[in-house]
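Engineer:
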Amino acid sequence: MQILYFAWLKTHTGTGQETVDPPEQVRDVAGLLDWLAGRSEAHAKALRDRQAVRVAVNQEYARPSDPVQPGDEVALFPPVTGG
Amino acid sequence: MQILYFAWLKTHTGTGQETVDPPEQVRDVAGLLDWLAGRSEAHAKALRDRQAVRVAVNQEYARPSDPVQPGDEVALFPPVTGG
Amino acid sequence: MIRVQREDFEIGAELDALTRDNPGVGGLCSFVGLVRDLHPDARTPDSESGEGRVHGEVRAMTLEHYPGMTEKMLRRIDAEAHRRWPLEASLVIHRYGRMEPGERIVLVATASAHRQAAFESCQFLIDWLKTKAPFWKLEETPDGGCWVDARVGDDAAAARWGRDDWAAE
Amino acid sequence: MIRVQREDFEIGAELDALTRDNPGVGGLCSFVGLVRDLHPDARTPDSESGEGRVHGEVRAMTLEHYPGMTEKMLRRIDAEAHRRWPLEASLVIHRYGRMEPGERIVLVATASAHRQAAFESCQFLIDWLKTKAPFWKLEETPDGGCWVDARVGDDAAAARWGRDDWAAE
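Chains as they are written, first to last, in full-length UniProt numbering: chain A, 1 to 83; chain B, 1 to 83; chain C, 1 to 169; chain D, 1 to 169.
1) Given that a residue counts as buried once 16 or more other Cβ atoms are within 10 Å of its Cβ, and exposed if not, what is Ala-13 of chain C?
2) Do the stretch 24-31 of chain A and the stretch 64-72 of chain A touch if we need at least three Cβ pairs shorter than 8 Å?
3) Taking one C-beta from the stretch 75-91 of chain C and one from the stretch 56-64 of chain C each time, how about it: are there three or more such pairs within less than 8 Å?
4) Would you mind stating whether Gly-16 of chain B and Leu-63 of chain C have Cβ atoms separated by less than 8 Å?
5) My output table needs one value for Asp-82 of chain D: the three-state DSSP class, helix, strand or coil.
6) Is Gly-27 of chain C helix, strand or coil by DSSP?
7) Give a yes or no on contact between the stretch 81-90 of chain C and the stretch 108-118 of chain C, applying the rule of three or more CB pairs nearer than 8 Å.
8) Give the residues of chain B in contact with Glu-80 of chain C, contact being defined as C-beta atoms less than 9 Å apart.
9) Going by beta-carbon coordinates alone, are Gly-102 of chain C and Val-25 of chain C separated by less than 8 Å?
10) Can you give me the start and stop residues for the alpha helix (DSSP H) that Val-152 of chain D sits inside?
11) Our contact map puts Pro-134 of chain D next to Val-80 of chain A with C-beta atoms below 8 Å; I'd like the distance itself, whole angstroms only.
12) Is it buried or exposed for Glu-41 of chain A, if we count other Cβ within 10 angstroms and need 16 for buried?
13) Quickly, what does DSSP pair Leu-87 of chain D with across the bridge? List them, please.
14) Going by DSSP in three states, Gly-12 of chain C sits in which element: helix, strand or coil?
15) How close, in whole Å, do the beta carbons of Gln-59 of chain B and Met-69 of chain C come, if the pair is a contact with beta carbons under 8 Å?
16) For Gly-14 of chain B, which residues in the same chain have their Cβ closer than 7 Å to its Cβ, ignoring the five residues on either side in sequence?
17) How close, in whole Å, do the beta carbons of Arg-31 of chain C and Cys-122 of chain C come, if the pair is a contact with beta carbons under 8 Å?
18) I'd like the span of the alpha helix (DSSP H) that includes Gly-31 of chain B, first residue to last.
19) When you check each C-beta in the UniProt region "Disordered" (63-83) of chain A against every C-beta of chain D, which residues fall closer than 7 Å?
20) Would Ala-89 of chain D pass as an interface residue toward chain A - the criterion being a Cβ-Cβ separation below 8 Å?
21) Are there 16 or more other CB atoms within 10 angstroms of the CB of Asp-46 of chain C, so buried, or fewer, so exposed?
22) Per the DSSP calculation, Pro-67 of chain B is bridged to which residue(s)?
23) Going by the CB atoms, is the gap between Trp-8 of chain A and Pro-70 of chain A shorter than 8 Å?
24) How many angstroms separate the CA atom of Leu-129 of chain D from the CA atom of Asp-143 of chain C?
25) Quick one: does Pro-23 of chain C have its CB under 8 Å from some CB of chain D?
26) Closer than 8 Å by beta-carbon distance: list the chain D residues that pair up with Phe-135 of chain C, in chain order.
27) Jot down the residue ranges of each uninterrupted beta strand (DSSP E) in the stretch 54-78 of chain C, minimum 3 residues, whole runs only, in chain order.
28) Please classify Pro-22 of chain B as buried or exposed, where buried requires at least 16 other C-beta atoms within 10 Å of its C-beta.
29) Cβ closer than 7 Å: which chain D residues qualify as neighbours of residue 175 of chain C?
30) Shorter than 8 Å from the beta carbon of Gln-25 of chain B to some beta carbon of chain C?
31) Please compile the residues from chain D whose C-beta is within a distance smaller than 8 Å of the C-beta of Arg-115 of chain C.
32) For Gln-59 of chain A, name the three-state secondary structure that DSSP assigns.
33) Once the 5 residues before and after Met-99 of chain D are set aside, which same chain residues still bring their CB inside 6 Å of it?
34) Quick one: which chain C residues come within Cβ less than 8 Å of Ile-11 of chain D?
35) Going by C-alpha distance, which of C:Arg-20, C:Glu-140, C:Arg-83 is nearest Asp-164 of chain C?
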């Protein structure tokens, strides 16, 4: 599973992109964030405030209960500020 | 007194501009229109529907009861359609 | 700033000049009105008559105006926009004379720190201009020349922004 | 039509291309967003501290985006505008990369037979773009880099147009 980080989530985790292989019990977005938060102190800090994190699965906005599976591209980023 | 006609008021009266000297009892816009309507059949026809005629006195929109006096520039035109 | 002119204008050059050297501008809204080849009230070909004629085909349009009063009204409308919104800059260019379909008639542009002010003031300017600035359109159609009637919808659009105390009715 | 690019664009050339050879266009509305030299929440110099420092002075801005998803979202927003309004043409250009104050960030333009449709759809496009297209602004100030926070006002502006069924929250 490919994880992408943008804006301050990239700054905080120190990575823009990583390939991960979460255990089978990680089946949805909420579960994935919990699991990612356990990868390092930097990840934990970046993901502390879940309200501030938006998630896209395969380039579609996703809710905490939306499913994730091996092979997905999952992006984590703050609320958008373009325009 | 200078009278200016625009758009179809110019077409109907056959003139874009005329200098007139109305009698003393013509003191307001409504009175002036009545008097102008008597100048010719073309004028009468052009001024038949007063609802369709807008008036500006000295380049300011005017109401039927607004005063007119010698030396004024009075313009008659249909509702505007620019933009 | 307002301009009434016979010549065409370049949108890009005008808009660039409006924001150049003013880094306080965050949003620039503009509206361009163009000559259409169909009268706004035109309908599709007349199938009843079987002639297939397109009603209201416009070959050209001539804009007449009231020199002097036009500039006065545009300046007043422009000043009113600056009174109502925090604008960094604004521009109204209105052409007169003969124009063919596709030609630009009018440009209205407003620049502000914030986009909402830019959008609202730009719409305000064109709405008031359409009901208060002394311009008249004569359309050339296959049937001859025809003075365009004022549209009720334009009065309603202008009325959204409240009443002025200087344009009668 | 949508474009995501690093390079600047020419407003005049883009707008001309949008209406060229389409005499059915009566109104063209456009919005340009530019880099400001002050953060939107910046206030006047701090008189309390006596230092006279302007809070939020912006030296440059870097726009990051999510290649692939950005284009997908912009295309969807653009299609939604065409679904809601009778548009003859539309254009969204959004830049990414580093830009200095006064530089253009985004251009949104819509062309329609009628001006109200052009104004509304243009505002709709920029409102939804601001809350749904994956772009993020990093401001360079004298104190260092700072990711810009999303604005509550932008959510409210986007919500005016109803909800979509594809952007979570």
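Note that the Cβ used here is the ideal one computed from N, Cα and C, for glycine as well. It should be emphasised that the depicted structure is a prediction, and the values quoted were computed from it without experimental measurement.
Structural biologist: Let's see:
1) Start at 1 with the first residue of the third sequence, and residue 13 of chain C comes out as number 13. When all chains shown are included, Ala-13 of chain C counts as exposed.
2) yes
3) With a cut-off of 8 Å, the stretch 56-64 of chain C and the stretch 75-91 of chain C do not count as touching, because too few Cβ pairs lie within range.
4) Looking up residue 16 of chain B in the second sequence gives position 16. Looking up residue 63 of chain C in the third sequence gives position 63. No, these two residues do not count as a Cβ contact at 8 Å.
5) Taking the first residue of the fourth sequence as 1, we reach residue 82 of chain D at position 82. Residue 82 of chain D is actually His in this sequence, not Asp. It is helical.
6) As a first step, residue 27 of chain C is located in the third sequence; it is residue number 27 there, counting from the start. If DSSP states are grouped into helix, strand and coil, Gly-27 of chain C belongs with the strands.
7) yes
8) Taking the third sequence and counting its residues from 1, the one referred to as residue 80 of chain C is at position 80. Neighbours of Glu-80 of chain C on chain B: none; closest Cβ ~15 Å, over 9 Å.
9) Here residue 102 of chain C is taken as the residue at index 102 of the third sequence, counted from 1. Here residue 25 of chain C is taken as the residue at index 25 of the third sequence, counted from 1. It is not a contact, given that the beta carbons lie outside the stated cut-off.
10) Position 152 of the fourth sequence holds residue 152 of chain D. In the DSSP annotation of this structure, the continuous segment of the alpha helix (DSSP H) that includes Val-152 of chain D starts and ends at 152-159.
11) Stepping through the fourth sequence from its first residue, residue 134 of chain D is reached at position 134. Stepping through the first sequence from its first residue, residue 80 of chain A is reached at position 80. Yes, Pro-134 of chain D and Val-80 of chain A are in contact; Cβ-Cβ is about 5 Å, under 8 Å.
12) The residue you call residue 41 of chain A lines up with position 41 of the first sequence. Per the 10 Å Cβ criterion, exposed.
13) Here the question's residue 87 of chain D lines up with position 87 in the fourth sequence. In DSSP, Leu-87 of chain D forms a bridge with D:Ser-112.
14) On the third sequence, position 12 is the one that residue 12 of chain C refers to. Three-state result, Gly-12 of chain C: helix.
15) The residue given as residue 59 of chain B occupies position 59 in the second sequence. The residue given as residue 69 of chain C occupies position 69 in the third sequence. Indeed, because the Cβ distance is near 4 Å, the residues count as touching under 8 Å.
16) Here residue 14 of chain B refers to the residue found at position 14 when the second sequence is read from its first residue. Contacts found: Ala-42.
17) Position 31 of the third sequence, counted from the first residue, corresponds to residue 31 of chain C. Position 122 of the third sequence, counted from the first residue, corresponds to residue 122 of chain C. The question names Arg, but residue 31 of chain C is Phe in the sequence shown. Yes, Phe-31 of chain C and Cys-122 of chain C are in contact; Cβ-Cβ is about 6 Å, under 8 Å.
18) Numbered from its first residue, the second sequence carries residue 31 of chain B at position 31. 29-37 is the span of the alpha helix (DSSP H), which, as asked, contains Gly-31 of chain B.
19) Arg-63, Ala-75, Phe-77, Pro-78, Pro-79, Val-80, Thr-81, Gly-82, Gly-83
20) Taking the fourth sequence and counting its residues from 1, one reaches residue 89 of chain D at position 89. No, its Cβ sits nowhere closer than 8 Å to a Cβ of chain A.
21) Counting from one through the third sequence, the residue named residue 46 of chain C turns up at place 46. Any reading at Asp-46 of chain C must be qualified, since the residue scores a pLDDT of 40, below 50, and its modelled position is unreliable; the value itself is stated next. Exposed, because fewer than 16 other Cβ atoms sit within 10 Å of the Cβ of Asp-46 of chain C.
22) To locate residue 67 of chain B, count along the second sequence from 1; it is residue 67. Answer is B:Asp-28.
23) By 1-based counting over the first sequence, the position of residue 70 of chain A is 70. By 1-based counting over the first sequence, the position of residue 8 of chain A is 8. Contact flag unset, no.
24) Within the fourth sequence, numbered from 1, the residue matching residue 129 of chain D stands at position 129. Within the third sequence, numbered from 1, the residue matching residue 143 of chain C stands at position 143. Straight-line spacing of the CA atoms in Leu-129 of chain D and Asp-143 of chain C works out to 46 Å.
25) The residue you call residue 23 of chain C lines up with position 23 of the third sequence. Yes, its Cβ sits closer than 8 Å to a Cβ of chain D.
26) As a working mapping, residue 135 of chain C is identified with position 135 in the third sequence. Those do not exist, as Phe-135 of chain C stays about 15 Å from chain D at its closest Cβ, beyond 8 Å.
27) Segments of the beta strand (DSSP E) lying fully in the stretch 54-78 of chain C: 60-65.
28) Working through the second sequence from its first residue, we reach residue 22 of chain B at position 22. Buried.
29) It is not possible to answer for residue 175 of chain C, since the shown part of chain C is limited to 1 through 169.
30) As a working mapping, residue 25 of chain B is identified with position 25 in the second sequence. It does not; no Cβ of chain C falls within 8 Å.
31) The residue labelled residue 115 of chain C in the question sits at position 115 within the third sequence. Neighbours of Arg-115 of chain C on chain D, chain order: Phe-31, Gly-33, Ile-126.
32) Position 59 of the first sequence, counted from the start, is the residue given in the question as residue 59 of chain A. In the structure shown, Gln-59 of chain A sits in coil (DSSP, three-state: anything other than H, G, I, E or B).
33) Numbered from 1 along the fourth sequence, position 99 holds the residue referred to as residue 99 of chain D. Here the set comprises Val-35, Met-61.
34) As a first step, residue 11 of chain D is located in the fourth sequence; it is residue number 11 there, counting from the start. Near Ile-11 of chain D (Cβ distances below 8 Å), the residues of chain C are Ile-11, Gly-12, Leu-15, Asp-16.
35) Translated into positions along the third sequence, residue 164 of chain C becomes position 164. Closest by alpha carbon: C:Arg-83.
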